[in-house]
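Residue numbering for the sequence shown follows the working numbering, starting at 1150 and increasing by one per position. For every residue, glycine included, the Cβ atom is placed at its ideal position computed from N, Cα and C. Heads up: the structure comes next, in structure tokens.
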Amino acid sequence: MSLDGTYDSANIFAKILRGEAPCAKVWEDDHVLAFMDVFPQSRGHTLVIPKGSTARNLLEETPERLAALMVRVQKVAQAVRAALNPDGVVITQFNGAPAGQTVFHLHVHIIPRWADQPLGRHGGGQMADMAELQDLAARISARIE
Ligand code: 5GP
């Protein structure tokens, strides 16, 4: 899907938001839901998505919702750092399939990095163990301020 198109309410993140698909939830408020990526590029790879939005990507989001999202991305990234003590944190976001986007509900990746560990492939790799994701989610959630 390129940058042009319409929002598909059957996308997996819309299903997660409606409670129709499971996720390892880290945190939510009225504006966003944060949960673990099931194909993590590193241990603790977390996604943050806006609620009440039909923006497929950052370019389509309203300034108000985008501002609310990014403030919360910072909050969750701080919790990821506090919980997992990484050496660095990648904050990334893809717009359109040619740019690497695979799920077409706006989302931001928080990917902790350790100096001695390679980054996993985006959109590939092994599905994580759900119990391990739930444990990571609980650890990050406990450090949300
Ligand atoms: P994108 O490629 O659109 O930037 O990122 C989509 C992300 O969603 C990928 O990192 C992928 O691993 C993740 N993902 C795909 N399907 C699911 C799912 O069913 N649950 C969760 N938690 N993450 C998913």
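Contact test: residue i Cβ vs ligand 1 heavy atom, cutoff 7 angstroms
i, result
"D1186", "yes"
"I1198", "no"
"G1201", "no"
"A1170", "yes"
"I1161", "yes"
"G1249", "yes"
"V1252", "yes"
"G1272", "yes"
Selection from the options that minimises the alpha carbon distance to residue i
i, options, result
"R1205", "L1255, S1290, V1225 and A1232", "L1255"
"K1200", "M1219, R1270, G1272 and V1229", "M1219"
"R1167", "G1154, V1181 and T1155", "V1181"
"M1279", "P1171, G1154, F1253 and R1270", "P1171"
"Q1227", "G1193, G1272, E1281 and Q1283", "G1193"
"V1257", "A1264, W1263 and G1249", "G1249"
"E1294", "D1178, T1251 and E1169", "D1178"
"T1195", "I1161, I1240 and D1153", "I1240"
"T1155", "E1281, G1245 and A1217", "G1245"
"L1207", "D1153, E1281 and A1159", "D1153"
"E1281", "M1185, A1217, A1163 and K1164", "M1185"
Check whether residue i and residue j have beta carbons under 8 angstroms apart
i, j, result
"S1151", "Q1266", "no"
"V1187", "I1259", "no"
"A1291", "A1232", "yes"
"K1174", "A1277", "no"
"P1261", "V1238", "yes"
"F1243", "D1157", "no"
"V1222", "I1289", "no"
"P1189", "G1269", "yes"
"E1210", "S1202", "yes"
"D1284", "W1263", "no"
Residue i beta carbon near ligand 2 (any heavy atom closer than 7 angstroms)
i, result
"H1180", "Among the ligands modelled here, namely ligand 1, ligand 2 does not occur."
- Quick one: complete beta strand (DSSP E) runs, 3+ long, within the region 1235-1276? 1237-1241 and 1257-1262
- Taking only runs that begin and end inside the region 1187-1225, name each unbroken beta strand (DSSP E) of 3 or more residues, in chain order. 1195-1199
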